[in-house]
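To start, the structure under review is shown below, and the notes come after it.
Residue numbers (our numbering): 77 to 341.
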């Protein structure tokens, strides 16, 4: 299902000429945070083989992004394995190439939606299952789902694999003002200003989808929360989200520091 990326669309900058500084502590921290998210996503079964991808803009840059290399499962990734790419498909730092759909989706999202500093795309099972069903994917019935009230979009126009910039642009254009995009017959995309907030949303989105699938499996009607209450609860959650997300990511890094410390290598 995964595809190798072909020749880059632009010329690579020669070594030593106007090269970005990618050795600073902020870049290193971003790589470690992103590697931690890959590892924990693997633990929770949120990935699919070598096909899914997380990306984050390089701190201090608006035209370079971190992304996982083609051919690695999430559980194998480390900070040093992550690639730095530009919007033309050039690998500025790292060994290997991004997977083709990773480049065409993520490069276009980051370029066309500047607020999307981080983009996590998965085929995680429960959220993807809801993208395959009739009607809007989320029923705002459980408290966890209210975290996403008013923040979701639904790209209803599945168009096959994203193997060119036009399809990446189409996906980017479907986002609007949303942070969460359910991609019909495909999966989900989470957009966020920080790696921590992207992880927090990804984790809780799958939890919300899981309990909805369980509720639907009872055969009883699933009753949504009244819109006024749902909106108020969503505002309450969003007020504390950045700090809660920061602490959530810190907690998974502490766990990984004990159990899988190689993620930070």
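Positions of the beta carbon are idealized from the N, C-alpha and C atoms, including for glycine. This one's a predicted model, so the numbers in the text were calculated from it and none came from an experiment.
Item to complete: For residue 294, count neighbouring C-beta atoms within 10 Å of its own C-beta (all shown protein chains included) and say buried if the count is 16 or more, exposed if not.
Response: exposed
Worksheet item: Would you call residue 298 buried or exposed, if buried means 16 or more other Cβ atoms sit within 10 Å of its Cβ?
Response: exposed
Practice prompt. Would you mind working out which of 155, 157, 176, 223 sits nearest residue 315, comparing C-alpha positions?
Written response: 223
Worksheet item: Between the beta-carbon of residue 339 and the beta-carbon of residue 119, is there less than 7 Å?
Response: no
Worksheet item: Of all the beta strand (DSSP E) runs that stay within the bounds of the segment 251-286, which reach a length of 3 or more residues?
Response: 256-259, 263-268
Practice prompt. Could you work out which residue in 253, 341, 258, 307 is closest to residue 232 when comparing CA atoms only?
Written response: 258
Fill in: Cα-Cα separation between residue 291 and residue 279, rounded to whole angstroms
19 Å
Practice prompt. Any chance you could list the beta strand (DSSP E) runs of at least 3 consecutive residues sitting entirely within the segment 149-190, in chain order?
Written response: 159-162, 167-169
Practice prompt. Return the chain-ordered list of same chain residues with a C-beta closer than 6 Å to the C-beta of residue 200, the five sequence neighbours on each side being excluded.
Written response: 122, 282
Practice prompt. Go ahead and label residue 219 buried or exposed: buried means 16 or more other beta carbons lie within 10 angstroms of its beta carbon, across all protein chains shown.
Written response: exposed
Item to complete: Can you tell me which of 272, 324, 137 puts its alpha carbon nearest to the alpha carbon of residue 97?
Response: 137
Worksheet item: Within this structure, are the beta carbons of residue 334 and residue 112 separated by less than 7 Å?
Response: no
Worksheet item: According to DSSP, what are the bridge partners of residue 195?
Response: 131, 267
Fill in: Buried versus exposed call for residue 238 [16 or more other C-beta atoms within 10 Å across all chains shown]
buried
Discussion item. Can you check whether the C-beta of residue 315 is within less than 7 Å of a C-beta belonging to chain B?
Written reply: Protein chains in the displayed structure number just one, and chain B is not present.
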